[in-house]
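Student:
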Amino acid sequence: KNQVEQSPQSLIILEGKNCTLQCNYTVSPFSNLRWYKQDTGRGPVSLTIMTFSENTKSNGRYTATLDADTKQSSLHITASQLSDSASYICVVSGDNAGNMLTFGGGTRLMVKP
Amino acid sequence: NAGVTQTPKFQVLKTGQSMTLQCAQDMNHEYMSWYRQDPGMGLRLIHYSVGAGITDQGEVPNGYNVSRSTTEDFPLRLLSAAPSQTSVYFCASSAAGSWNSPLHFGNGTRLTVT
Chain L
54 KNQVEQSPQS LIILEGKNCT LQCNYTVSPF SNLRWYKQDT GRGPVSLTIM
104 TFSENTKSNG RYTATLDADT KQSSLHITAS QLSDSASYIC VVSGDNAGNM
154 LTFGGGTRLM VKP
Chain X
548 NAGVTQTPKF QVLKTGQSMT LQCAQDMNHE YMSWYRQDPG MGLRLIHYSV
598 GAGITDQGEV PNGYNVSRST TEDFPLRLLS AAPSQTSVYF CASSAAGSWN
648 SPLHFGNGTR LTVT
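Sequence order for the protein chains is L and X. First residue of the first sequence? That's 54 in our numbering, and the numbers climb one at a time after it. First residue of the second sequence? That's 548 in our numbering, and the numbers climb one at a time after it.
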């Protein structure tokens with residue numbers, strides 16, 4: 054069964070600090086891996102999409118890494134801001150059409166002043 | 548630029564009632580889909596559509612119907628609401644056939660069935 058596991062489930066950090074969120078997956082076949090940010094009461098918003106050939110991808114202060122051999126990904130947030138408080142969802146796609154998406158349960162990040 | 552618009556934002560139903568959750572997108576996306584999000588679980592696909600007139604079942608389709616008469620609209624119908632359908636429902640769209648096209652989500656409908 055395809056699974057995406059994220060850790061930690063929740064995290065509290067101080068404003069200005071860095072943090073790293075983890076994603077392990079057992080999805081086959083594999084097409085691409087996506088990270089989404091979901092603010093409370095809102096829909097998820099795309100941060101990055103990576104294929105198996107991409108090791109790292111950045112979007113501002115967000116940097117995602119992918120190790121397709123070990124089936125692990127991480128999302129690093131640099132110099133956190135209060136607005137980074139949200140859930141971060143790892144999604145693995147098994148095809149190009151987007152019909153075979155497996156969603157992780159998310160990591161809830163709280164940034165405190 | 549509205550993106551994906553879902554209505555209503557909140558809804559309370561009694562067991563056995565029916566209703567339609569509305570979803571509209573203005574990005575001319577061919578692909579549209581419905582997900583439900585339950586506490587502690589990842590989003591699960593209910594139904595999806597790759598274009599007008601074409602729909603297919605996702606992971607958890609029972610109790611839900613969809614239709615796609617236009618590119619813009621993709622309503623989700625609850626036939627006879629059950630407490631197990633209490634959830635947050637998200638509609639999403641993307642450019643079909645593009646592996647690197649992200650899903651664009653609406654802001655959800657929070658449904659409670661009593």
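Every residue, glycine too, gets a C-beta built ideally from N, C-alpha and C.
Looking only at its chain, what residues have a beta carbon closer than 7 Å to the beta carbon of VAL660 (chain X), apart from the 5 residues adjacent to it on each side?
Tutor: Counting only Cβ-Cβ distances below 7 Å, and skipping sequence neighbours, we find LEU560, THR562, ALA628, ALA629, PRO630, GLN632, THR633.
Student: Measure how close the beta-carbons of THR73 (chain L) and HIS129 (chain L) come, nearest whole angstrom, since I'm counting them as under 8 Å.
Tutor: About 5 Å separates the two Cβ atoms, so the contact holds.
Student: How should MET588 (chain X) be labelled, buried or exposed, when 16 other C-beta atoms within 10 angstroms of its C-beta is the threshold for buried?
Tutor: By the neighbour-count rule (16 or more Cβ atoms within 10 Å), MET588 (chain X) is not buried but exposed.
Student: Considering only their Cβ atoms, is the gap separating ASN85 (chain L) from SER146 (chain L) smaller than 7 Å?
Tutor: Yes; because the gap between Cβ atoms is below 7 Å, this pair is in contact.
Student: Using DSSP with H/G/I as helix, E/B as strand and the rest coil, what is LEU626 (chain X)?
Tutor: If DSSP states are grouped into helix, strand and coil, LEU626 (chain X) belongs with coil.
Student: Which bits of chain L does ASN609 (chain X) rub up against, with CB to CB less than 7 Å?
Tutor: Per Cβ cutoff of 7 Å: no residues; ASN609 (chain X) is ~18 Å from chain L at best.
Student: Determine the extent of the beta strand (DSSP E) in which MET163 (chain L) is found, giving its start and end residues.
Tutor: From DSSP, the beta strand (DSSP E) with MET163 (chain L) extends over 160-165.
Student: Who are the Cβ neighbours of VAL57 (chain L) in its own chain at under 6 Å, not counting the five residues just before and after it?
Tutor: Taken in chain order, the residues that qualify are TYR78, CYS143, VAL145, THR155, GLY157.
Student: Taking only three categories from DSSP, how would you classify LEU650 (chain X)?
Tutor: LEU650 (chain X) falls in the coil class under three-state DSSP.
Student: With a cut-off of 7 Å, does the C-beta of PRO82 (chain L) fall near any C-beta of chain C?
Tutor: Absent from the structure: chain C. Protein chains present are L and X.
Student: Do TYR595 (chain X) and ASP603 (chain X) have their C-beta atoms within less than 7 Å of each other?
Tutor: Contact flag set, yes.
Student: Here's the rule I'm using: 16 or more other beta-carbon atoms within 10 Å means buried, otherwise exposed. How should ARG114 (chain L) be labelled?
Tutor: It counts as exposed.
Student: What residues match up with LYS90 (chain L) in a beta bridge as DSSP calls it?
Tutor: Looking at the DSSP assignment, LYS90 (chain L) forms a beta bridge with L:VAL98, L:TYR141.
Student: So, does the CB of ASN647 (chain X) fall closer than 7 Å to a CB anywhere in chain L?
Tutor: At least one chain L Cβ lies under 7 Å of ASN647 (chain X).
Student: Beta carbons nearer than 8 Å to chain X: which residues of the segment 54-69 of chain L have them?
Tutor: Listed by position along the chain: VAL57.
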